[in-house]
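For reference, the structure discussed in these notes is given below.
In the working numbering, the protein residues as written are 3 to 399.
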């Protein structure tokens with residue numbers, strides 16, 4: 003599976019059947035390759051935790067993997083890491099220190115999954131992430147996310163156990179992404195699948211794991227929030243306030259907004275806007291304090307979220323709402339014109355506003371927006387956006 007860049011493209015079909023033109027959406031994962039989760043998924047642990055025989059294999063695997071891309075030997079890295087894991091599991095059968103769910107063991111499983119990802123071996127990536135989740139969660143935890151919520155809310159929970167649950171959360175998100183990638187690959191190979199297709203087993207698996215992650219985060223967030231309300235003598239709420247100050251200390255804004263964003267783009271890609279829009283709005287709420295204070299990163303991420311909200315409104319034929327999100331998002335994107343992320347969302351939002359004006363019969367205004375989107379996309383080297391804007395302009399001749 004490819005790594006999600008901070009600004010990668012997603013194209014969605016326009017809701018207005020008279021247009022049927024793909025919309026440009028500046029699709030930011032908000033943090034490269036789900037950065038908020040990578041810390042949990044990829045932590046390897048101090049080398050001193052491993053027995054000497056395992057440490058030697060890890061060193062060989064690292065020499066093959068942790069080097070410039072053109073000098074990597076990924077098959078050798080997998081071979082050495084897999085052998086190290088086999089030895090650890092043998093040792094762990096009699097030594098609890100190296101149990102299958104020990105953090106330094108699950109960290110190695112995550113590393114093997116990462117190597118398979120870089121190799122483009124999606125099937126093996128899925129197998130390793132599933133193995134990792136089974137080690138940490140067991141069958142009951144994989145089936146019922148509430149078991150992990152209860153553990154996370156336990157103030158006496160061991161630090162290593164909490165670390166493992168957070169690692170499982172990160173890997174469940176990566177597993178969902180990987181199923182999503184395999185579904186996309188399968189779809190490219192078949193002209194028989196409908197678009198969007200929620201009947202594919204891979205799409206259903208991706209949906210299952212995105213929902214698992216969301217339930218863990220949302221239920222933990224809600225329980226923590228209501229605990230705070232009780233301590234302050236305030237009434238309980240059915241949903242948290244989605245303010246960074248209300249987050250549990252072991253969740254960061256990056257982690258939560260990243261998960262909300264990834265799940266939202268998945269649901270949007272399958273026209274399930276009733277799920278996508280609330281997630282985008284919640285992510286926007288979490289970023290608002292930083293955006294209001296003028297923090298560049300938060301401003302540009304917020305403009306990206308608004309581009310998705312504008313697109314969702316167009317897809318559902320809610321043009322007034324689409325216009326509002328596009329205008330508000332552009333106001334943010336213009337604050338940092340040299341920021342690549344703001345530039346990407348500027349192109350998307352400008353194009354979206356053109357779609358709104360075209361659908362409303364404001365042909366001249368639409369042309370202005372499409373032309374501006376094409377010009378900025380040309381400057382940024384965004385050929386996909388240039389093509390879409392050019393097609394829109396040709397259509398309006």
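Every residue, glycine too, gets a C-beta built ideally from N, C-alpha and C. Note that the structure is a prediction, hence the values are computed from the model and not measured.
As assigned by DSSP and simplified to three states, the class of residue i
i: residue 104; result: coil
i: residue 158; result: coil
i: residue 116; result: helix
i: residue 74; result: coil
i: residue 229; result: helix
i: residue 83; result: helix
i: residue 163; result: helix
i: residue 477; result: Beyond the ends of the chain as shown, which are 3 and 399, falls residue 477; an answer cannot be given.
i: residue 322; result: helix
i: residue 185; result: helix
i: residue 52; result: coil
i: residue 347; result: helix
i: residue 95; result: coil
i: residue 202; result: coil
Opening and closing residue of the alpha helix (DSSP H) in which residue i lies
i: residue 149; result: 148-154
i: residue 236; result: Looking at the DSSP string, residue 236 is not in any alpha helix (DSSP H), and its letter there is neither H nor E.
i: residue 363; result: Premise fails: residue 363 is in no alpha helix (DSSP H) and is neither H nor E.
i: residue 340; result: From DSSP, residue 340 is part of no alpha helix (DSSP H); its letter is neither H nor E.
i: residue 241; result: Counting along the chain, residue 241 falls outside any alpha helix (DSSP H), and DSSP gives it neither H nor E.
i: residue 140; result: 124-145
Exposure label - residue i; buried when at least 16 CB within 10 Å
i: residue 154; result: buried
i: residue 234; result: exposed
i: residue 26; result: Because residue 26 carries a pLDDT of 43, less than 50, the predicted location of this residue cannot be relied on, and no value is offered for it.
i: residue 130; result: buried
i: residue 381; result: exposed
i: residue 371; result: buried
i: residue 148; result: exposed
i: residue 384; result: buried
i: residue 333; result: exposed
i: residue 362; result: exposed
i: residue 336; result: exposed
i: residue 236; result: exposed
i: residue 376; result: buried
i: residue 176; result: buried
i: residue 179; result: buried
i: residue 347; result: buried
i: residue 284; result: buried
i: residue 360; result: buried
8 Å Cβ cutoff, residue i in contact with chain B
i: residue 316; result: The structure shown contains no chain B; it is built from a single protein chain.
Three or more C-beta pairs below 8 Å linking the region 345-354 and the region 379-398
Judged by pairs of C-beta atoms under 8 Å, the region 345-354 touches the region 379-398, as three or more such pairs exist.
Under 8 Å, with one C-beta from each stretch per pair, do the region 300-314 and the region 267-284 reach the 3-pair mark?
Per the Cβ contact rule, the region 300-314 is in contact with the region 267-284 (3 or more Cβ pairs under 8 Å).
Counting only runs of 4+ residues fully inside the region 245-314, write out the alpha helix (DSSP H) ranges in chain order.
Look at the region 245-314 and you find these whole runs of alpha helix (DSSP H), each 4 residues long or longer: 255-271, 275-294.
Stretch pair the region 101-111 + the region 74-81: three plus CB contacts closer than 8 Å
Flag = no, the region 101-111 and the region 74-81 do not touch.
Please give me, in chain order, every unbroken run of the alpha helix (DSSP H) with length at least 4 that falls completely inside the region 366-399.
The region 366-399 contains these whole alpha helix (DSSP H) runs: 385-397.
Does the region 107-116 come close enough to the region 87-95 that 3 or more CB-CB pairs lie under 8 Å?
Output reads yes: the region 107-116 touches the region 87-95.
Contact between the region 244-258 and the region 283-296 (3+ Cβ pairs under 8 Å)
Flag = yes, the region 244-258 and the region 283-296 touch.
For the 8 Å Cβ check, are there 3 or more pairs between the region 168-186 and the region 110-129?
Yes: at least three Cβ pairs fall under 8 Å.
Is there contact between the region 236-246 and the region 202-211, where contact requires at least three CB pairs shorter than 8 Å?
Fewer than three Cβ pairs drawn from the region 236-246 and the region 202-211 lie within less than 8 Å of each other, which leaves the two stretches out of contact.
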